[in-house]
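Protein chains in written order, with our numbering: chain A, 1 to 278; chain B, 1 to 278; chain C, 1 to 278; chain D, 1 to 278; chain E, 1 to 278; chain F, 1 to 278.
Using N, Cα and C, we set each Cβ at its ideal position, and we do this for glycine too.
Here is the structure we will look at.
Number of protein chains: 6
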Amino acid sequence: MNKIALTDAIKQFLYEDINYKDITTTAIFPEHIVGTATIQAKADGILSGVDILSTTFQLLDNDVQIELLKNDGDLLLKGDRIATIKGSIRAMLTGERVALNLLQKMSGIATLTATAVATLNNPNINVTDTRKTTPGLRMYEKYAITCGGGVNHRFSLSDMVMIKDNHIAFAGSITNAVTLVRKQLGPVIKIEVETETAEQVREAVANNVDIIMFDNRTPEEINELSRLVPETILTEASGGITIHDLHRYRHTNVDFISLGWLTHSVHALDISLIVEGE
Amino acid sequence: MNKIALTDAIKQFLYEDINYKDITTTAIFPEHIVGTATIQAKADGILSGVDILSTTFQLLDNDVQIELLKNDGDLLLKGDRIATIKGSIRAMLTGERVALNLLQKMSGIATLTATAVATLNNPNINVTDTRKTTPGLRMYEKYAITCGGGVNHRFSLSDMVMIKDNHIAFAGSITNAVTLVRKQLGPVIKIEVETETAEQVREAVANNVDIIMFDNRTPEEINELSRLVPETILTEASGGITIHDLHRYRHTNVDFISLGWLTHSVHALDISLIVEGE
Amino acid sequence: MNKIALTDAIKQFLYEDINYKDITTTAIFPEHIVGTATIQAKADGILSGVDILSTTFQLLDNDVQIELLKNDGDLLLKGDRIATIKGSIRAMLTGERVALNLLQKMSGIATLTATAVATLNNPNINVTDTRKTTPGLRMYEKYAITCGGGVNHRFSLSDMVMIKDNHIAFAGSITNAVTLVRKQLGPVIKIEVETETAEQVREAVANNVDIIMFDNRTPEEINELSRLVPETILTEASGGITIHDLHRYRHTNVDFISLGWLTHSVHALDISLIVEGE
Amino acid sequence: MNKIALTDAIKQFLYEDINYKDITTTAIFPEHIVGTATIQAKADGILSGVDILSTTFQLLDNDVQIELLKNDGDLLLKGDRIATIKGSIRAMLTGERVALNLLQKMSGIATLTATAVATLNNPNINVTDTRKTTPGLRMYEKYAITCGGGVNHRFSLSDMVMIKDNHIAFAGSITNAVTLVRKQLGPVIKIEVETETAEQVREAVANNVDIIMFDNRTPEEINELSRLVPETILTEASGGITIHDLHRYRHTNVDFISLGWLTHSVHALDISLIVEGE
Amino acid sequence: MNKIALTDAIKQFLYEDINYKDITTTAIFPEHIVGTATIQAKADGILSGVDILSTTFQLLDNDVQIELLKNDGDLLLKGDRIATIKGSIRAMLTGERVALNLLQKMSGIATLTATAVATLNNPNINVTDTRKTTPGLRMYEKYAITCGGGVNHRFSLSDMVMIKDNHIAFAGSITNAVTLVRKQLGPVIKIEVETETAEQVREAVANNVDIIMFDNRTPEEINELSRLVPETILTEASGGITIHDLHRYRHTNVDFISLGWLTHSVHALDISLIVEGE
Amino acid sequence: MNKIALTDAIKQFLYEDINYKDITTTAIFPEHIVGTATIQAKADGILSGVDILSTTFQLLDNDVQIELLKNDGDLLLKGDRIATIKGSIRAMLTGERVALNLLQKMSGIATLTATAVATLNNPNINVTDTRKTTPGLRMYEKYAITCGGGVNHRFSLSDMVMIKDNHIAFAGSITNAVTLVRKQLGPVIKIEVETETAEQVREAVANNVDIIMFDNRTPEEINELSRLVPETILTEASGGITIHDLHRYRHTNVDFISLGWLTHSVHALDISLIVEGE
């Protein structure tokens, strides 16, 4: 993650939560009171986002010290201590919710990704995210995907060409669409085409695109369609694949499967901050 | 929702998704091509966030027209048309993901809130959110809670005093904590105290606070504790109440129940944009 | 005050005053020249805003050291030394005006508030501010009010409900207005109603609002009206109370009196920075 | 005033005052309700800042129409109508405080400036402001000065060289200071030197600076010192001149007098918004 | 170009140039004066950036109308009229410099790119830019490259992997470096490796990277090295290729040549705004 | 240069180049790897912008140390070492392009300015810049001009009055234009008038403006026109003066010559960062 962007975002998030003052904590804790706190897992999962801790608390008090006991990507068991925080109690209590909200969400995504990877259980097929991320948090969520064992799909509409049904319909054909795109495109960007039928797959192959997506296809359809694709072209399964039928895609030979729910429907991993004493 | 803040946020979200250009759509669709699209529910739920649609698409093309067929708070059945969009196809395809990501999240929260309200099934007990919202999206998520039939808890650390266990421990007693807070506080802000025991409830009552929270208490404990609280003081149940045991709180007589999972663990409501033709 | 917000604001204020360079000071003082300066009161008053000093000068040179000799809320007599600054002379001369402009304004507000409190001379009646603050400086000015012995009224239109004459007129009655508001409101926000007549006060009481304001009433009228209000409802006097007739409100039994001129018509407290030598 | 900067600033000011929602007005007034309001002077003075009205209200609702009945610089008598506003009542009530806070402050400054000009009562001597403006509001306050009949001194530390006592002391002499500055300065920026003694004035003249300031001098001293200055060099009186002794400077022959209190110690001009009916 | 980003950037550029007011134009032209102006080429070249015109002038006055007579990518001959502007003279004169500074720079880049393309004179070899763009203007400059007939290399350090000498040295080998990168990379991003020797090229080929760059190689060396690369891998020539020896690369068979001077050493194309009369 | 503005700008430039991550460097270099790098001139020229180095690299890693071996304004010979950088290799490689892009551009401007000064070869005539700077980079480019031995013309439309042909035409005469401007102007801002004919020069002199510009005049015309101007008024030559005919202006007696190409048509000075070893 870009640390300059991260710091600016945490500032914005702290501002959203604090507004002009933590009126409870500042009334009760004098500024100079220091203490120790622990960040602890309250459920099993995969950790993601430990940089959030130092960034958040040090923005509130430069002298806060964070000792990390776990790293991003580590398995957490309920009760595991993730980090120790020493310093201003005010900073701890005022920053707690922002730090945990983000850490819990990222760890929730990492945990769900790890579950998807385990469910798929095929090291030749990557699990990837989509652009169905939370507005404003794409950098964090894409990073969490990698902590859970997934890899990233494109970050934005600028990174890669993805020719979808609406593009094909307007252009008249996959060939026309690819031709239009190639006229404007440099050599460093990949082109992916969404396909549903054998005819479309053959046309995409004929245009030598970089990636062919099988959109909303069953594992059986995918196996049939992927026979039409040479090794030099990557293949993606996407659309309508739930956590419950993901295992059915284990024996397809696509290169990667993208799953929107890794980011749009996530349960926060329960993590808490416990002040241990002043 | 503050429309000035909303517009600025959507700009930021569009920038995150578009980066410098939608390289696929701009290569294929000339700027002047117009058409019609429909926003459609693909699952049952409660709608929240229709203002996102006009804000997003009109930022991309000032001439896009949105006709709303449903309003925030409406029940959606799978297949229901939510809005019709007329105008630039480029704007529709380029803005689609940002608009849907936010609309789906907000509607997911509204739907979950409505489920919680129905599960609780007691018009005398309000369902409220917490500060466990997605960083950067608090305004949107708090608004979605109200679309689902909930009401809002405090927005930030500045809006209300919430005296928690750490504050009480450091101050020495609830009485001390309330006294410290009252020395700095104006008359327009409420004071809530987190309690676990009868003794704590009695002390909070003696201090005439505005709201008493029963933290992590069973319905039975709550019923016992709430007998200690006069009618002029509001009561809140909070902590560890899942969707599965929420019904058990139906017959408590608290004024409201706050539920973190209304915002931190939400499934996006499936909503799609369908280009109908150019 | 939220220190993250404060730092960002001081950056903006310094940018406004410096623009691209302090062309006089940088031409004359080499970057490495250090020295000592004193911040000194040139008139009697109450100090507010000492955090401005370290924030301003350290933004210009990280190594500047500030020793505070007075704290916020302290009484200043003409000639009192407020702080000693050691470090870069460039930083001192370039930051002087921004630091003093803000410190003088805040101390002016604190001083005026203290005068109001002393004039009122009744510990049972709080002096509060209003929303008539300088655009962009609300956090600073509300804080200065507390340094002078006042307490804060609401910070924004989101913090509290204030039902005014226009709201009542459109809703048809206080009862209608309160009912409309309560339908959308959570349990954590107070409701205040502006009243002018006994009938209105009775209606507000019947609706069990949190605060009743007596708008533009004489002390005599207030004493009559406040008899209609039970102890559980707070009362506010507001409107048209000048510094000259504030003492006449000493024997009303309102809970607080709000005064717009505490922030909208303030004389800067004269404070200067004196470079003591290099 | 730069209208792009003005719009961005008003957005920030509205955000400060509204935060996430005007919870009172939105609960009571449906979005479509329109009406008429009048902006009215409640005291005599000089108007400044009418552009604030359209900018503020149209940011909240694009369809609000403002008809100006008075212009910046006009004399206002108590009761004069300044503008008529037609459109969304929500926009009027929600934007009222921000618009009035700024309009009242600017008109207060214009009024005070006009008083100073009238007190001085010498068309050959300009009244100017200083850099003692409210942080964040310099553009507005400098503009208000011109509405009141004053002219602007420098806007920032970049616009003009002002050699003060600390600069002279470190450089060793006015001559040294001017020499150092001229080495780095282009031909388009004026140089002013602060002087207190005849010797200093003679040295400044010898260096052919553009402006000589007589710092904290009596009218009599100024008359003596200004005889040393040729016509091609402008002269400024500054420092310690109050509204009460300003008339004593009427018969000096300085070109301008700068007065910090025009901006740092201003009373808001009483102006109100009256909703006339829906 | 992303129009939301463009509008925000032009606002910033206008603020830089106008600061608080165009003091000359506002003193002389009343606000209501309208007229016509022409944007005209004063040298031959390729046009890029016509969207700058409407964005700049309409930010200053919403009613300004722009009629485009030339489009981006068009050849301009000295004297050609590019656009007609009708509306506020104030807006024209105040926005002139910002609009021209950007339009001239972009057209200068487009012109230089077209020269490079013509010099190379081989339709099978693309001309691309580099990351040696002006800080803050990458989107504009990359777009101008495409107007001149070039295509874009990567936009940022996130879009593509580029393994350079320092990376190879630390990893120990190209193979190690590619392996490290592939462990973290999704399937949608290309990998390019910088090579200088035949051995390096062979290692890059063995790792099946997407693009091989021949760094600082002569045309002869490139022809030799490129024989080692299969058709499925793209090749790039880069480093030390000046406008004077670019023609020598015409008969290499690389896929593209990247040229830093297309953006870092550009002459503005002379374009002027001529007010035709009011 | 204003260091607060500089830091904020470098943050923005780094964000433009890094986007969410330097995916190559972070995959290959662990975070803790430190090393040494040298900034080296690869061509002769004048250095400008060394503050860019520490600002850029320390934003990426606070512990990076920069030792400067050359200062702004120093002559660089090809091969000269400018600075040594010690610390995080990641920070060096990730920040390299932003730091060099800016340093090279600024040094290119300083070098071109020094060439212009040397070509003119008359210490009585200053070389100045114009407002034809790169949008967003005016502060940097104006500073670079001073490093090369030039001085700055006005920074913005607010700093100085410049009455051009369009202003004169609309006002009816130079006299009218000056009169209109003087009505609104304070005493601290200079007035310059653009002239082409003897008649115009005489009118400008009669109005006692501060600076008279000879627009697009030959050296011979300038010598004739400048005889009409008293010593107390400065003179400027501007318009159409190329690097090739600049020497012809050596024997004019103008006070300064402004040259747009110093900033709008600059070649980057070749400077590189060489990692010396880890």
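* Helix or strand or just coil, what does DSSP make of ASN223/F? -> Along the sixth sequence, read from residue 1 onward, the residue named residue 223/F stands at position 223. In the structure shown, ASN223/F sits in a helix (DSSP, three-state: H, G or I).
* **Pair within 8 Å by beta-carbon distance, ALA198/B and LEU234/B** => Taking the first residue of the second sequence as position 1, residue 198/B is located at position 198. Taking the first residue of the second sequence as position 1, residue 234/B is located at position 234. Cβ atoms of ALA198/B and LEU234/B: not closer than 8 Å.
* Give me whichever residues DSSP pairs with ALA41/C in a beta bridge. => Translated into positions along the third sequence, residue 41/C becomes position 41. BP columns for ALA41/C point to ILE271/C.
* Members of the region 156–176 of chain B that neighbour chain C once the beta carbon cut-off is set at 8 Å -> SER158, ASP159, MET160
* To do: Give the DSSP bridge partners of SER238/A, in chain order.
  => Along the first sequence, read from residue 1 onward, the residue named residue 238/A stands at position 238. According to DSSP, SER238/A bridges with ASP215/A, SER258/A.
* Any C-beta of chain F under 8 Å from that of LEU59/C -> Along the third sequence, one-based indexing puts residue 59/C at 59. Closer than 8 Å: yes.
* **Contact set for LYS164/B: own chain, Cβ-Cβ below 7 Å, skip 5 residues either direction** => Position 164 of the second sequence, counted from the first residue, corresponds to residue 164/B. Same-chain partners within the cutoff: GLU194.
* To do: Determine whether the Cβ of MET106/F lies closer than 8 Å to any Cβ atom of chain C.
  => Indexing the sixth sequence from 1 puts residue 106/F at position 106. So no, MET106/F is outside the interface.
* Whether ASP63/D touches GLY87/D by CB criterion (8 Å) -> The residue you call residue 63/D lines up with position 63 of the fourth sequence. The residue you call residue 87/D lines up with position 87 of the fourth sequence. Taking 8 Å as the Cβ cut-off, ASP63/D and GLY87/D qualify as a contacting pair.
* Asked: In terms of alpha-carbon separation, which member of ALA169/F, VAL201/F, ILE211/F, MET160/F lies closest to MET188/F?
  -> What you label residue 188/F is simply residue 188 of the sixth sequence in a count that begins at 1. It is worth fixing the name first, because residue 188/F is Val in this sequence and not Met. MET160/F is the residue among ALA169/F, VAL201/F, ILE211/F, MET160/F whose C-alpha sits nearest the C-alpha of VAL188/F.
* Asked: What separation, rounded to the nearest whole angstrom, lies between the Cα atoms of ARG154/F and THR56/F?
  -> For this step, residue 154/F is matched to residue 154 along the sixth sequence. For this step, residue 56/F is matched to residue 56 along the sixth sequence. So the two alpha carbons sit approximately 28 Å from each other.
* Local conformation of LYS294/B per DSSP, three classes -> Outside the displayed span of chain B (1 to 278) sits residue 294/B, for which this structure offers no information.
* Asked: Taking Cβ positions only, does ALA9/A come closer than 8 Å to chain F?
  -> Residue numbering aside, residue 9/A sits at position 9 when the first sequence is read from its first letter. No - not a single Cβ of chain F is within 8 Å of the one on ALA9/A.
* To do: Taking all protein chains shown into account, decide if GLU276/D is buried (16 or more other Cβ within 10 angstroms of its Cβ) or exposed.
  => Position 276 of the fourth sequence, counted from the first residue, corresponds to residue 276/D. Counting Cβ neighbours within 10 Å, GLU276/D comes out exposed, since fewer than 16 surround it.
* Within 8 Å (strictly less), CB to CB, does GLN184/E reach chain A? -> Taking the fifth sequence and counting its residues from 1, one reaches residue 184/E at position 184. Yes, GLN184/E lies at the interface with chain A (some Cβ there is under 8 Å from its Cβ).
* To do: Can you tell me which of LEU100/F, ILE39/F, LYS183/F puts its alpha carbon nearest to the alpha carbon of ALA83/F?
  => The sequence position of residue 83/F within the sixth sequence is 83, counting from 1. Sorting LEU100/F, ILE39/F, LYS183/F by C-alpha distance to the C-alpha of ALA83/F places ILE39/F at the top.
* Asked: Buried or exposed: ILE212/E, going by 16 or more other Cβ atoms within 10 Å of its Cβ?
  -> Residue mapping note: residue 212/E aligns to position 212 of the fifth sequence, counting from 1. ILE212/E should be labelled buried.
* Nearest chain A C-beta to ILE191/C closer than 8 Å, yes or no? -> Here residue 191/C refers to the residue found at position 191 when the third sequence is read from its first residue. Chain A contact via Cβ: absent.
* Asked: Are the region 237–247 of chain C and the region 2–17 of chain C in contact at 8 Å, needing three or more beta carbon pairs?
  -> no
* Quickly, what does DSSP pair ARG81/D with across the bridge? List them, please. => In the fourth sequence, counting from the first residue as 1, residue 81/D sits at position 81. For ARG81/D, which the question treats as bridged, DSSP gives the partners GLN40/D.
* Asked: Looking at C-alpha atoms only, which residue of GLY108/D, ASN207/D, GLU236/D, HIS267/D is the closest neighbour of GLU221/D?
  -> As a first step, residue 221/D must be located in the fourth sequence, where it is residue number 221. If we check each option's Cα against that of GLU221/D, GLU236/D comes out closest.
* To do: Quick one: list the residues of chain E neighbouring ILE109/D, beta-carbon separation under 8 Å, in chain order.
  => Translated into positions along the fourth sequence, residue 109/D becomes position 109. Near ILE109/D there are no residues of chain E at all, since even the closest Cβ is about 16 Å away, more than 8 Å.
* To do: State whether the region 260–273 of chain F contacts the region 121–136 of chain F, with contact taken as three or more CB pairs (one from each stretch) at a distance under 8 Å.
  => yes
* Smallest Cα separation from GLU196/E: which of LEU102/E, ILE66/E, LEU228/E? -> Indexing the fifth sequence from 1 puts residue 196/E at position 196. Of LEU102/E, ILE66/E, LEU228/E, the residue nearest in Cα terms is LEU228/E.
* **DSSP three-state assignment for ASN19/B, whether helix, strand or coil** => By one-based count along the second sequence, residue 19/B stands at place 19. DSSP places ASN19/B in coil when its eight states are reduced to three.
* Asked: Using 8 Å as the limit for Cβ to Cβ distance, is LYS3/A near chain C?
  -> Here residue 3/A is taken as the residue at index 3 of the first sequence, counted from 1. So, not an interface residue.
* Provide the residue(s) that pair with THR86/A in DSSP beta bridges, ordered along the chain. => Here residue 86/A refers to the residue found at position 86 when the first sequence is read from its first residue. The question names Thr, but residue 86/A in the sequence shown is Lys. LYS86/A is bridged to THR36/A, GLN65/A.
* Per DSSP, MET162/D forms a beta bridge with which residues? -> The residue you call residue 162/D lines up with position 162 of the fourth sequence. Answer is GLU192/D, bridged to MET162/D.
* Give every residue of the same chain whose Cβ lies closer than 6 Å to the Cβ of TYR140/F, excluding the five residues on either side of it in the sequence, and list them in chain order. => Locating residue 140/F in the sixth sequence gives position 140, counting from the first residue. Cβ within range, chain order: MET106.
* Asked: Is DSSP giving LEU76/D helix, strand or coil here?
  -> Locating residue 76/D in the fourth sequence gives position 76, where the first residue counts as 1. Looking at LEU76/D - three-state DSSP - the assignment turns out to be strand.
* For the region 137–156 of chain C, which residues have a CB atom closer than 8 Å to at least one CB atom of chain B, in sequence order? -> THR146, VAL151, ASN152, HIS153, ARG154, PHE155
* Residue(s) in a DSSP beta bridge with VAL151/F -> Counting from one through the sixth sequence, the residue named residue 151/F turns up at place 151. DSSP lists THR128/F as partners of VAL151/F.
* Asked: Quick one, which of SER48/F, ILE89/F, ASP61/F, GLY150/F has its alpha-carbon nearest LYS70/F's?
  -> Residue numbering aside, residue 70/F sits at position 70 when the sixth sequence is read from its first letter. Of the listed residues, the one whose Cα sits closest to LYS70/F is SER48/F.
* **Residues bridged to ILE243/D (per DSSP)** => To locate residue 243/D, count along the fourth sequence from 1; it is residue 243. BP columns for ILE243/D are empty, so no partner.
* Based on Cα-Cα distance, which residue from ASP22/E, THR218/E, ALA268/E lies nearest to THR252/E? -> As a position in the fifth sequence, residue 252/E is number 252, starting the count at 1. For THR252/E, the nearest C-alpha among the options comes from THR218/E.
* To do: Classify ILE109/B as helix, strand or coil using the three-state DSSP reduction.
  => Within the second sequence, the letter at position 109 stands for residue 109/B. ILE109/B falls in the helix class under three-state DSSP.
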